[in-house]
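A quick write-up on the structure given underneath.
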Amino acid sequence: MRLPAINLRRALLIAQRDYVGYVKTVGFWVSFFLPFIMGAILLFVASRGINVSPVRYEAILDETGQHRAGIEALHARSASQELEAITRRLLEALPNDEKAQGLVKTIDAEGFDSARAQINEDFPLIASQLEKAETASSKMVMIPAPAQTIEAIKPFLDGQEMAQYEGDAVKLNGVIHIYETDSLQVDYWSANFNAQEAQNLATRYFRDLATADYLAKGGLNTADYFQARSEAVQVKSFDPTKVGGSGAGSEDQAVTIADRMPYFVAFALAMYLWMSVFSGSYMLLTSMIEEKMNKLLEMMLATTRFSEIIFGKLMGIAALTLTATLPYLLIGIFGIAGVIAFGDSAVGEGIISAFTPGLLGFFAIFLVLGYIFYGSLFIALGAMSESIQDAQTLTTPIMFVLMACMFVIPLGLSTPDSPILIFASLFPLSAPFAMIVRLPSDPPLWQLCLSVTLLLIMTLGVIALSGRMFRYGVLSGSGVKGLTDWIKRKILRRKTN
Amino acid sequence: MSQTPLSLDAVSKSFQGKSAVRDVSFEIGTGEIVGFLGPNGAGKTTSLRMALGLIVPDSGTVNLFGAPPNIDNAFGRIGFLPEERGLYKKQTARESIALMARLNGMGRKEAFRTADKMLDTYGLSEAKRKKNKDMSKGMAQKVQLLSAIAHDPEFYILDEPFSGLDPVNQQALEEMVREIAQRGRTILFSTHVMEHAERLCDRIILMAKGRKVFDGSTAQALAKAPRRLIIASQDEQLTDTITPFAKKIEPRMDGSLGLTLKDKAETQSVLERCVAQKITLERFEPKAATLHDAFVALVGSEPEAEELS
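In the order they appear, the protein sequences are chains A and B.
Per our numbering: the first sequence ends with 511, consecutive numbering throughout.
Per our numbering: the second sequence ends with 915, consecutive numbering throughout.
Following this line, the structure appears as C-alpha cells:
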C-alpha cells in the first residue's frame, strides 16, 4: 500500500482554515467556557450551601404515643453522623497538630455533639463548613402534625392548607401515621411519593426497634450488639504482585487507595479519549458537509491533493478538539493538584504514580490512531453526504459502535479480565478505548502488540479507503445511493445502472 | 516554459455505463482563448475535470503542460473556476482570495496584498471586509473568480463563468476575461451561451452528446451556419420565385418570410430573380450567421431551448 503524498504547507493552510473557521464562532467560545461557568456555579452553590432539592417538611401522627420521639431522635442522630463524617474528612486535610489530635480524641471518647463547642472555638473553617452542611443536609425537617387524624391531615398534603413551623406557613410533604389495629401499623402518606427519606427513616427506626426487641428476648443489650459488630475483624486486601514484604499480613503488599488509583486514571483517560474521538469525528463530519455546501472543494482540488485536504482537516479539527477539551484537561489537572495539595496524600501519590510512561505512551498511540481511524471514516462519509440527514443515515452504524464502546469502558474498573473487554481491546474499532482501561491490570504483551498492530493496519486501510470515497463523494455521487454505488463499483467491481 | 497547456488525445469516459465523453481530442495552444461550447450534458465539465486530473479517463491521454495532469506538474500554473459556485460563508472576500492564492504558493503578506489590489481593481473595494454570506450573487461570483486567478496563472480553465449572472455582471466578467487575455494568458472557458463565445473567442470547440463536433476559428464555425434572409412582398409570386433557392421557408408573424438558403444558393441570385420577376420587395434583409445557427447545422438538430441559448 502506497501512502498518499502530502504537501505539509498546503495541508497546514487547510488545517488553519478549519481551525479558525470554528474558533471564530460564538458557539465555540460558549462551549469552551461552559465547563468553567458550570464549575463556578457549582462552587457558588456549594459555598453558599444552596440546596439543590427543596426542604421537605414531614410530620409524625403517632396515635400510640410511643414512637414519635424515637424517630425524631434517629433523624437528629443521622444528621449528626453526617456532620461527624464531614469533620473527620476536613481534619485529614488540615495539619495534624495537637489541636487536631485533641479534637479527634474528644469525638472518639465523648461523641461528636460534645465536640461542637471545641470545633466552633478552635476550627472556624470546619465550623463554617458544618454550618453550610447543616443547611444543606436539612432537606427533611420534622414538624408537629397539623391535625390529629389522618383525614384531617390530607388537605395539608395536597396543598389545600398550609402547616405552621416556627411562625411560617409551610407545605407538608408527608406524614408517618403510626396506629394500632390488631397489631402495630405504620403508613406513610405523601402526594410526593418518590421522595422516600421519611419513609426510609421510619423503616430504619422500626428495624432497629425489632432488632432491640429480639435481642432483649435473649437477654442481650442492643448497644453491646452494635459495639460487637463495629469491632468485627476487618478483611484486608493484599496484592501478591506488589514488590516488597513477605509473609502473612505484610503491610508492603496491602492494597491501598493508591493501588486502585491507576484503574481510575486509566478510566478517566479512556473517557477523555472517547470524548476526543467522538467530538473530533463529529466535527469532521459536519465540517465536510459544510465544505460540500460551500461548494469550494472542486476549486481547491485544482491546486490541492485529496490527501492534503483530508490530512489538513484531520490536523485542524485535532487542534480544535484539543482546544475544546482544554477546559476539561485543566479542570482535571487542577483537581489532581488539589487532591495532592489538600486531600489524602495517599490518593495524590496514587494518581501521580498511575501516570506511568507506558500508560501515557499507549494513550498517545491510541489517541492518534483512534482519531485518525474514526476521523478519516467520518470525513469520507461526510464527503458522501449532501445533508445532515444523509450523514445521520450513513454514520448510524459507526455511531452504534462508538456508543457500545461507552458501555465497555466501565468494565475496566469492575472486571478488567472480562472476555468482552479483552475482545474489545483487540477489535480495532473499540481497541483505543478498551485497551487503555486494561493497561493497569497488565495485559499480556502479545495482546498489546496485536491490538496496536490491528488498529494500525485498519487505520492505514481506512485512510486509503476514505481517500477514494472522498474523491467519489466530492465529484460523482452522494447519499446512501452514492455509497452503495461506490461499494458496488469499487469494492464489488460491478457496473451499476 | 512553452509546453502546450493542454492536449486531449482520444479521451473517453463513462459513468455507470453511460458514456459522458467519447473519443475527444484537441489541443489548446499558449495564448489562445478557446470557447468550449455545448448544451448541458454535452460532456464539457467531465472533459475539464479530466483535463485537471480530477477524473481519470477510461481511455485516451490527457497532458497538462506536457505531462499527465497532477498537482506536481501544474502547481500554480492553473486557475480553475468550477461550474459549482461557492465560498466559505464566514470568510471575507479578501480572506477567500488570499486563501486560494496561498494554496497556490503565494506567501501570506503577498496574498493579502494581491487580494486587496484585485478587489480595488475590479470595483469590489467595499467587499474587502464583507463576509461572503452577506454578498450579492454577482459579487460572490466575481470574488470566486478572483480567488481562482489571484496567483496569476498561465492557464485559466473557467467552467460556465457567466452562468447565473445578470447582464451587467456578465459584461463586467467579459471585460475581465479580455483583460486577462491581453496579458497573453491562455483561456479555456466552457459555456452554453453562444454570444459570449462569439464576442470573446479566437477559437471554439463544440461538444454534443459527449463528442467533439467542431474545432476551429469562430469565422470557420460561422461559415458552417446556413445563410438566412428575411423577405417580404405583397406579390403572390414571391413564394414560387424563391422556392428554388430555399432549403426552408418559414412564415413570420409580421407577414414576411424567413428563408434558409440552399448550400450553393447566393443571396444575390435571389435578389436578381425577384427583380427579373418584377416583384416589388418591401423587405430584403440578409441575416448575419450566429454560432447558434452553426451549432444547429453542425449537430444536425435543434437543441432544447434551455440547453442552448
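All residues carry an ideal CB built from backbone N, CA and C; glycine is no exception.
Buried versus exposed call for A:Leu215 [16 or more other C-beta atoms within 10 Å across all chains shown]: buried
Range covered by the beta strand (DSSP E) that runs through B:Glu888: 887-893
Sequence-distant residues of its chain with Cβ nearer than 6 Å to B:Leu614 (five each side left out): Val630, Ser631, Phe632, Val668
Counterpart residues of B:Lys870 in DSSP-defined beta bridges: According to DSSP, B:Lys870 bridges with nothing at all.
Pairwise C-alpha distance: A:Gln30 and B:Arg735: 19 Å
Proximal residues, the stretch 296-311 of chain A versus chain B, C-beta separation under 8 Å: Met307, Asn308, Lys309, Leu310
Closer than 9 Å to chain B by CB, A:Thr318: yes
Residues that A:Ala191 bridges to, as DSSP identifies them: In the sequence under discussion, the amino acid at residue 191 of chain A is His, which differs from the Ala named in the question. A:His191 pairs with A:Leu75, A:Asp201.
Own chain partners of B:Met607 with C-beta closer than 6 Å, once the 5 adjacent residues on each side are dropped: Note that B:Met607 scores a pLDDT of 48, beneath 50, so its modelled location is shaky and nothing firm can be said.
Alpha carbon of B:Leu643 to alpha carbon of B:Ala831, nearest angstrom: 15 Å
CB contact check: A:Thr498 to chain C, cutoff 9 Å: In the structure shown, chain C does not exist; the protein chains are A and B.
Straight-line gap, A:Met313 to B:Pro674 (C-alpha atoms, nearest Å): 19 Å
Of the listed residues A:Pro160, A:Phe240, A:Phe220, nearest to A:Ile74 (C-alpha basis): A:Pro160
For A:Ala129, three-class secondary structure by DSSP: helix
Interface positions of the stretch 21-40 of chain A facing chain B (Cβ-Cβ less than 7 Å), listed along the chain: Arg24, Leu27, Arg31, Gly35, Lys38
Selected residue, minimal CA-CA separation from A:Met483, among A:Gln403, A:Ser321, A:Val466, A:Val415: A:Ser321
Beta-carbon gap between B:Lys893 and B:Ile848 smaller than 9 Å: no
CA-to-CA distance, A:Thr163 to A:Gly79, given in whole angstroms: 14 Å
CA nearest to the CA of B:Phe890, picked from B:Gly861, B:Thr896, B:Val905, B:Gly635: B:Gly861
Inter-residue Cα distance where the pair is A:Arg70 and A:Ala212: 9 Å
Among B:Leu764, B:Gly659, B:Pro759, B:Arg879, nearest to B:Arg691 - alpha-carbon criterion: B:Leu764
Proximity of A:Leu537 and A:Ile140 at Cβ, strictly below 9 Å: No information on residue 537 of chain A is available, as it lies outside the stretch 15 to 511 that chain A covers here.
Residue-level contact to chain A via CB, B:Lys830, 9 Å cutoff: no
Touch test, the stretch 423-432 of chain A against the stretch 450-458 of chain A, Cβ-Cβ under 8 Å, three pairs minimum: yes
Where B:Gln717 meets chain A, residues with beta-carbon distance less than 8 Å: The sequence given here places Ala at residue 717 of chain B; Gln does not occur at that position. The premise fails here: B:Ala717 is roughly 10 Å from chain A at the closest Cβ pair, so nothing lies under 8 Å.
First and last residue of the uninterrupted beta strand (DSSP E) at B:Arg823: With the sequence shown as reference, residue 823 of chain B is identified as Ser, and Arg is not the correct amino acid for it. Segment 817-823, the beta strand (DSSP E) holding B:Ser823.
Completely contained alpha helix (DSSP H) runs for the stretch 398-437 of chain A, where each covers 4 or more residues: 402-422, 425-428
Buried or exposed (CB count within 10 angstroms, at least 16 for buried), A:Leu334: buried
Cross-strand partners of A:Gln178 (DSSP beta bridge): A:Ala183
Chain B within 9 Å of A:Met314, Cβ atoms only: yes
For A:Ala448, the nearest candidate out of A:Glu265, A:Phe348, A:Gly349, A:Ala282 (CA to CA): A:Ala282
Nonlocal neighbours in the same chain, by C-beta distance under 8 Å from A:Arg319, ignoring five residues either side: Pro18, Ala19, Ile20, Asn21, Arg24
Cβ-based neighbour list, B:Pro767, same chain, cut-off 7 Å, excluding 5 preceding and 5 following: Leu687, Leu751, Leu779, Phe795
9 Å Cβ cutoff, A:Ser489 in contact with chain B: It is Leu, not Ser, that sits at residue 489 of chain A in the sequence shown. It does: the Cβ of A:Leu489 has a partner Cβ on chain B nearer than 9 Å.
Under the three-state DSSP convention, the category B:Ser653 falls into: helix
Contact with chain A by B:Ala754, beta-carbon distance below 9 Å: yes
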